[in-house]
Structures are given as C-alpha cells and as structure tokens.
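What follows is one structure encoded as structure tokens, with my remarks underneath.
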Amino acid sequence: MSTKPKEGENNSVVSEFVFLGITNSWEIQLLLSVFTSTFYVASMMGNSLIMLTVTSDPHLHSPMYFLLANLSFIDMGVSSVTSPKMIYDLFRKRKVISFSGCITQIFFIHVIGGVEMVLLIAMAFDRYVAICKPLHYLTIMSPRLCIFLLVAAWIIGLVHSTVQLASVVNLPFCGPNVLDSFYCDLPRFIKLACVDTDQLEFMVTANSGLISVGSFFILIISYIVIILTVKKQCSVGSSKALSTLSAHITVVILFFGPLIFFYMWPFPSTPLDKFLAIFDAVLTPSLNPIIYTFRNQEMKVSMRRVCRQLVNYRRSLK
Numbered sequence: 386m387s388t389k390p391k392e393g394e395n396n397s398v399v400s401e402f403v404f405l406g407i408t409n410s411w412e413i414q415l416l417l418s419v420f421t422s423t424f425y426v427a428s429m430m431g432n433s434l435i436m437l438t439v440t441s442d443p444h445l446h447s448p449m450y451f452l453l454a455n456l457s458f459i460d461m462g463v464s465s466v467t468s469p470k471m472i473y474d475l476f477r478k479r480k481v482i483s484f485s486g487c488i489t490q491i492f493f494i495h496v497i498g499g500v501e502m503v504l505l506i507a508m509a510f511d512r513y514v515a516i517c518k519p520l521h522y523l524t525i526m527s528p529r530l531c532i533f534l535l536v537a538a539w540i541i542g543l544v545h546s547t548v549q550l551a552s553v554v555n556l557p558f559c560g561p562n563v564l565d566s567f568y569c570d571l572p573r574f575i576k577l578a579c580v581d582t583d584q585l586e587f588m589v590t591a592n593s594g595l596i597s598v599g600s601f602f603i604l605i606i607s608y609i610v611i612i613l614t615v616k617k618q619c620s621v622g623s624s625k626a627l628s629t630l631s632a633h634i635t636v637v638i639l640f641f642g643p644l645i646f647f648y649m650w651p652f653p654s655t656p657l658d659k660f661l662a663i664f665d666a667v668l669t670p671s672l673n674p675i676i677y678t679f680r681n682q683e684m685k686v687s688m689r690r691v692c693r694q695l696v697n698y699r700r701s702l703k
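Mapped onto the numbering used here, the consecutive letters of the sequence shown carry residue numbers 386 to 703.
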C-alpha cells in the first residue's frame, strides 16, 4: 500500500474528527434525542431484565438461556458504544471526537460485532441440537461446550477487531477530518487518510463484509435444515422448539442486514446509511428482548416472577 501523501495536502497530524451528525434541523434533532434516549433506556432495562431473570431463576439454567443472557450483555454493549455519544452530540453545534476516542469506538464496535456473530451461530447450533437431536441435547450442549462457545466468541471478536485496527491505526491523517456520520467506523475513517487506501478498503470489505455474508448464509442454511427436520418429525417437542426459532431468525435478519449493507454496498454513502446505523445501534438492541420473550411463555412467566420479587423487595425497604 502506497504511503505517499495526496497532492495538495500538508503533513499536519489530525488530533480529532468532526461528525456531521444526522441532520441540521433542530426539530428533527430534538425528536431524535427523545427517540434515541427512550430506546437506549429500553435496551438497557430490557436486556438487564433478561440477564437478571436467567441468572436468578433455576428453571432457566439451560444452554439456550445461557446463550441468550450473554447475547443480552452484548446488546447492552452495542447500545453503549455509540448511543450515549450520539445523544450528547445532538445538543452540540460542533460534534467532535478525539483520535484515540475514534480508534476506541472502532475497536469496541468490531469486538462486539464479532462476538455477537459467533453467539448467533452458537444459538442456531443450540436450536439445531434441540430439534434434530432432542434425546442427546443435554449431553451435546454441556456446560463445558457452552463455556467454550462463549470464550471462542470473545477470542474471535478480539482477533477480528485487532486485525482490522492493526492495519489502520498507523495511517497518516494530514488534513480532512470530517466524518459524514455520528460515530466512527472503518469505511469512512480510512477514506480520510492522506495515502492511497484502495487496497486497505478492499481488505476491510473482505474481512468484515465477506465474514458477515458468510455467517449470514451459514445461519440461513442451518435454519432451513431445522425447519425441514421439524416438518418431518411433527412432534410436540419439535413444534415447541420451532416456536423459538422464529425469534432467532428475526434477530439474525435485523443484525446482519445493516452489516452487509455497510460493508458490501459498492456505491458512495447515502442517507440510508445513517438510518440503518441508527436502526442497528439503537433499535435492534432494544427489540431483541421483546423478540426473544414475545413467543417464549417460560421467559415471560419468569420475568413476571422476578419483577414481583423486585417490587416486594423495594416495599420491604420502605
């Protein structure tokens, strides 16, 4: 990759980046602040409730709920990486982030994205075993395997993010520092470097884009296999397991849809990018608790029990 600066640019070092934000309209910014704050709080509360319910209820100490609780923890991270900064910046005329802050944001976005990708695949495998090999479910999905899958998810996420950043952290930035976004991510970040970054952009597409597409198709194929298996068995247990599958498929589509668009779309950035970014960072983490509990009667009963215990505990303190 060439390191020769582009013509007309000086060699000054960029110490901060400026976000253009989502819109210049004060009315829309006010609406967005209310919208984003509401969904951020809903995401944190909903996912915290899932984690608390799974941890405190012995009936939910199973592989499926163990993976779900960890997904909820990751969703809290998804919300927290970009939403607080975006809400804060909506009330500022000049929206800036330091160079180190930008790098940190990119790092956590890709760590969390990698972990969630692996967790969704692990959850699909869990459903496959529950539906296709129900008699061997507890033997195959042992506590040791669940811990292994969780550790593997974090290792893959960390390696993925480190590999991405290792190739861009030392890029020279000697002029343009405006990002047409409300958060830092690799595609726009790379374009501001004062060197030829065509090869680097291709590497990012190959790393994040192809991994996203590959994982998405693996999940879709696995769900098709599960659905075909359920149709052949037609048992009550299989039908019950299938009822949770629709939630998994919905979450997979919500998670991978924006990712594939960000990294595989060949055309310049459009206003749709910002809409999908808000959807991915704010809406999806708050919808996941609803999606996973809407058709899960066991989870809903446990949540009501936990909520009653919390209410009774607060009353006892008064």
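Glycine residues also receive a C-beta, built at the ideal position from the N, C-alpha and C atoms. Since this is a predicted model, take the numbers as computed values, not measurements.
Helix, strand or coil at residue i according to DSSP, with G and I counted as helix
| i | result |
| --- | --- |
| Ile-497 | helix |
| Val-399 | coil |
| Val-466 | helix |
| Ser-748 | The structure shown does not extend to residue 748, since the chain is modelled only from 386 to 703, so the question has no answer here. |
| Ser-410 | coil |
| Lys-480 | strand |
| Asn-681 | coil |
| Asn-555 | coil |
| Met-471 | helix |
| Ala-537 | helix |
| Asp-581 | coil |
| Lys-518 | coil |
| Cys-569 | coil |
| Met-526 | coil |
| His-444 | helix |
Per-residue burial, residue i [other beta carbons within 10 Å of its own, 16 or more giving buried]
| i | result |
| --- | --- |
| Glu-501 | buried |
| Phe-652 | Note that Phe-652 scores a pLDDT of 49, beneath 50, so its modelled location is shaky; the value from the coordinates is reported in the next line. By the neighbour-count rule (16 or more Cβ atoms within 10 Å), Phe-652 is not buried but exposed. |
| Asp-583 | exposed |
| Leu-695 | exposed |
| Cys-487 | buried |
| His-545 | buried |
| Lys-480 | buried |
| Ser-527 | exposed |
| Phe-574 | buried |
| Ile-407 | buried |
| Ala-551 | exposed |
| Tyr-698 | exposed |
| Thr-440 | exposed |
| Ser-464 | buried |
| Thr-678 | buried |
Residue j beta carbon less than 9 Å from that of residue i
| i | j | result |
| --- | --- | --- |
| Leu-543 | Val-496 | yes |
| Ile-482 | Phe-402 | yes |
| Ala-591 | Thr-467 | no |
| Leu-577 | Val-398 | no |
| Val-503 | Ala-537 | yes |
| Leu-475 | Leu-415 | yes |
| Asn-432 | Asn-681 | no |
| Cys-531 | Val-610 | no |
| Ile-458 | Met-429 | Position check: residue 458 holds Phe in this sequence, whereas Ile was assumed. Not in contact: Phe-458 and Met-429 (Cβ atoms no closer than 9 Å). |
| Leu-534 | Ala-507 | yes |
| Leu-556 | Leu-595 | no |
| Leu-630 | Ile-612 | yes |
| Pro-701 | Phe-641 | Reading off the sequence, residue 701 comes out as Ser, not Pro. The answer is no: Cβ separation not under 9 Å. |
| Leu-434 | Val-691 | yes |
| Tyr-608 | Gln-490 | no |
| Ser-687 | Leu-445 | yes |
| Met-449 | Arg-512 | yes |
| Ile-663 | Thr-423 | no |
For residue j and residue i, believed in contact at Cβ under 8 Å, the rounded distance
| i | j | result |
| --- | --- | --- |
| Thr-438 | Met-684 | 7 Å |
| Cys-499 | Ile-541 | The residue you asked about is not Cys; residue 499 is Gly in the sequence shown. Right, their Cβ atoms sit about 5 Å apart. |
| Asp-442 | Ile-494 | Not a contact, Cβ separation roughly 32 Å. |
| Pro-670 | Asp-460 | 4 Å |
| Ser-566 | Lys-659 | 7 Å |
| Leu-661 | Phe-646 | 6 Å |
| Ile-472 | Tyr-425 | 7 Å |
| Ile-676 | Val-636 | 6 Å |
| Leu-604 | Leu-505 | 6 Å |
Those residues which DSSP pairs with residue i across a bridge
| i | result |
| --- | --- |
| Leu-564 | Phe-404 |
Closer than 9 Å to chain C by CB, residue i
| i | result |
| --- | --- |
| Tyr-608 | Looking at the structure shown, chain C is missing, and only one protein chain is on hand. |
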